[in-house]
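*Asks:* Have a look at this one before I ask anything.
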Amino acid sequence: MLIRRPADVLPSEITSPELYARRREFLREGGRLALAAAGLALPWADAGAAALANVQPNRMKIADAPTRLKDITTYNNYYEFGVEKGEPAENAHRLRTRPWTVSVEGLCNKPRRFGIEELMKLAPLEERLYRMRCVEGWSMVIPWVGYPLSALLRAVEPQGSAKFVEFTTLADAKVMPGLRYAVLDWPYTEGLRLDEALHPLTLLTMGLYGQELLPQNGAPVRLVVPWKYGFKGAKSIVRIRLTEQMPATAWNKAAAHEYGFYSNVNPNVPHPRWDQDSERRIGELTKRKTLLFNGYDEVASLYTGMDLRKNF
Ligand SMILES: Nc1nc2c(c(=O)[nH]1)N[C@H]1C(S)=C(S)[C@@H](COP(=O)(O)O)O[C@H]1N2
Ligand SMILES: [Mo]
109 MLIRRPADVL
119 PSEITSPELY
129 ARRREFLREG
139 GRLALAAAGL
149 ALPWADAGAA
159 ALANVQPNRM
169 KIADAPTRLK
179 DITTYNNYYE
189 FGVEKGEPAE
199 NAHRLRTRPW
209 TVSVEGLCNK
219 PRRFGIEELM
229 KLAPLEERLY
239 RMRCVEGWSM
249 VIPWVGYPLS
259 ALLRAVEPQG
269 SAKFVEFTTL
279 ADAKVMPGLR
289 YAVLDWPYTE
299 GLRLDEALHP
309 LTLLTMGLYG
319 QELLPQNGAP
329 VRLVVPWKYG
339 FKGAKSIVRI
349 RLTEQMPATA
359 WNKAAAHEYG
369 FYSNVNPNVP
379 HPRWDQDSER
389 RIGELTKRKT
399 LLFNGYDEVA
409 SLYTGMDLRK
419 NF
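So for the sequence shown, this note's numbering puts the first residue at 109; every next one is plus one.
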């Protein structure tokens with residue numbers, strides 16, 4: 109993002125030679141060419157991710173075709189594991205996601221730590237097929253598995269003074285080679301206004317395609333906010349804090365004129381270094397027009413009376 113804009117690099121071009129060679133070797137040995145060609149099972153077989161039980165279907169009725177699993181799990185932004193699109197898939201297997209706790213604290217009546225197993229059972233898991241748009245100009249359609257963040261926030265009982273929610277993610281230099289570089293002020297943090305955080309589209313996410321998240325997608329738990337640019341979706345969350353003041357966010361601290369707090373997908377507000385009015389859907393050849401709020405018009409009422417050019 110800050111470094112360059114690799115929007116026109118195809119996922120097939122970014123796989124490192126080493127990884128490519130290793131995959132070829134695996135395929136020859138296993139003779140599982142058909143499986144790999146289908147783009148299925150292989151990433152999870154490598155990482156040992158488990159199938160999620162009792163996922164309620166809820167595809168949110170969008171017509172768009174889901175992006176291939178292989179692209180979702182090999183074309184990533186997770187700077188703690190490297191700034192190249194292929195690096196998270198190569199490096200993030202070092203992340204240990206059990207045991208894992210998320211501390212929910214700040215302006216609430218019942219602050220406490222949730223173990224990941226408890227967190228996964230707090231509300232029924234649903235599948236949500238969401239359009240996702242990265243500020244760099246590419247997009248995907250991902251069948252996430254999770255439940256509305258509101259279920260967790262209501263469990264801790266926000267106080268009347270709470271206006272914002274801050275998300276802090278893991279920063280562990282032992283497993284994250286990217287922390288050596290001061291691209292961002294680690295740990296990666298993000299934030300939402302409380303009403304955005306409570307919106308039913310905002311998802312606390314533990315899986316995709318019916319399986320637990322792979323580390324490169326933000327295991328064991330991440331945020332998904334489909335009407336905002338992808339960087340709002342903090343990965344591998346360790347702390348959620350209710351605040352009165354608008355929290356600082358990692359990208360805003362790095363370049364305030366490029367990445368605002370709101371970060372709503374908006375074709376009418378170009379990024380200072382490139383337009384935002386079209387996008388390349390990974391897996392498609394022709395560009396699509398980018399839609400206001402990424403097509404999620406139902407959130408428009410959250411912003412009535414706000415100048416979305418100033419609050420970009
Ligand atoms: N902790 C953390 N979360 C992060 C990022 C990151 O670098 N670190 N990148 C963000 C960006 S820019 C995008 S587009 C999405 C990408 O999510 P995906 O790789 O699962 O598609 O994750 C977001 N969450
Ligand atoms: Mo992004």
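All C-beta atoms in this analysis are idealised placements derived from N, C-alpha and C, irrespective of residue type, glycine included. Keep in mind the model is a prediction, meaning the values are calculated, not measured.
(1) Is the beta carbon of L302 closer than 7 Å to that of K271?
(2) Are there 16 or more other CB atoms within 10 angstroms of the CB of D405, so buried, or fewer, so exposed?
(3) Indicate, with yes or no, if ligand 1 has a heavy atom lying under 6 Å from the CB of A106.
(4) With a floor of 4 residues, list each alpha helix (DSSP H) that falls wholly inside the stretch 282-339, ordered by position along the chain.
(5) Figure out for me which residue from P380, L160 and I250 has the closest Cα to the Cα of A364.
(6) Please state the DSSP three-state secondary structure of M228.
(7) Less than 6 Å separating the Cβ of C216 from some heavy atom of ligand 2?
(8) Counting pairs of Cβ atoms below 8 Å between the stretch 241-250 and the stretch 194-210, do you hit three or more?
(9) Going by C-alpha to C-alpha distance, which of R417, V329, L287 and E274 sits closest to Q353?
(10) Look at the alpha carbon of L311 and the alpha carbon of C242, and state the distance between them as a whole number of angstroms.
(11) Give the DSSP bridge partners of H379, in chain order.
(12) Which first and last residues belong to the beta strand (DSSP E) in which I348 is found?
(13) With DSSP as the reference, label Y238 as helix, strand or coil.
(14) Does DSSP put R132 in a helix, a strand or coil?
(15) Taking its Cβ as the centre, do 16 or more other Cβ atoms sit within 10 Å of Q319, making it buried, or is it exposed?
(16) Starting from K397, follow its DSSP beta bridges and name the residues at the other end.
(17) Between which residues of its own chain and F401 is the CB-CB distance below 7 Å, once the five residues before and five after are set aside?
(18) Quick check on A171: buried or exposed, where buried means 16 or more other Cβ atoms within 10 Å of its Cβ?
(19) Which of the three DSSP states, helix, strand or coil, is assigned to S439?
(20) Alpha carbons only, please: which of N217, Y289 and M314 is nearest the one belonging to S269?
(21) Tell me, please, which residues DSSP counts as bridged to M248.
(22) Can you give the Cα-Cα distance for R220 and L260, rounded to whole angstroms?
(23) Can you list, in chain order, the residues of its chain with a C-beta nearer than 6 Å to that of I224? Leave out the 5 residues immediately preceding and following it.
(24) Is G373 helix, strand or coil when you go by DSSP?
(25) How would you label R236, buried or exposed, when you count the other beta carbons within 10 angstroms and need 16 or more for buried?
(26) Assuming E213 is part of the alpha helix (DSSP H), what are its boundary residues?
(27) At a threshold of 6 Å, does F339 count as lining ligand 2 (C-beta to nearest heavy atom)?
*Replies:* Considering the structure as presented:
(1) yes
(2) exposed
(3) Given that the chain is displayed from residue 109 to residue 420, the structure contains no residue 106 and the question cannot be resolved.
(4) 302-305
(5) When only C-alpha atoms are compared, the closest one is P380.
(6) helix
(7) no
(8) When C-beta atoms of the stretch 241-250 are compared with those of the stretch 194-210, fewer than three pairs fall below 8 Å, so the two segments do not count as touching.
(9) Of the candidates R417, V329, L287 and E274, the one whose C-alpha sits nearest the C-alpha of Q353 is E274.
(10) 17 Å
(11) In DSSP, H379 forms a bridge with W382.
(12) I345 to T351
(13) strand
(14) Because the pLDDT of R132 is 40, which lies under 50, any placement of that residue in the model is unreliable, and the number read from its coordinates should be weighed accordingly. Three-state DSSP puts R132 in a helix.
(15) buried
(16) S386
(17) W335, N372, V373, V407 and A408
(18) exposed
(19) Because the chain spans 109 through 420 in this model, residue 439 falls outside it and cannot be assessed.
(20) Closest by alpha carbon: N217.
(21) M240.
(22) 11 Å
(23) Counting only Cβ-Cβ distances below 6 Å, and skipping sequence neighbours, we find W208 and P328.
(24) Reading off the sequence, residue 373 comes out as Val, not Gly. Three-state result, V373: coil.
(25) With 16 or more other Cβ atoms within 10 Å, it is buried.
(26) First-last for E213: T209 to G214, but that is the beta strand (DSSP E), not the alpha helix (DSSP H).
(27) yes
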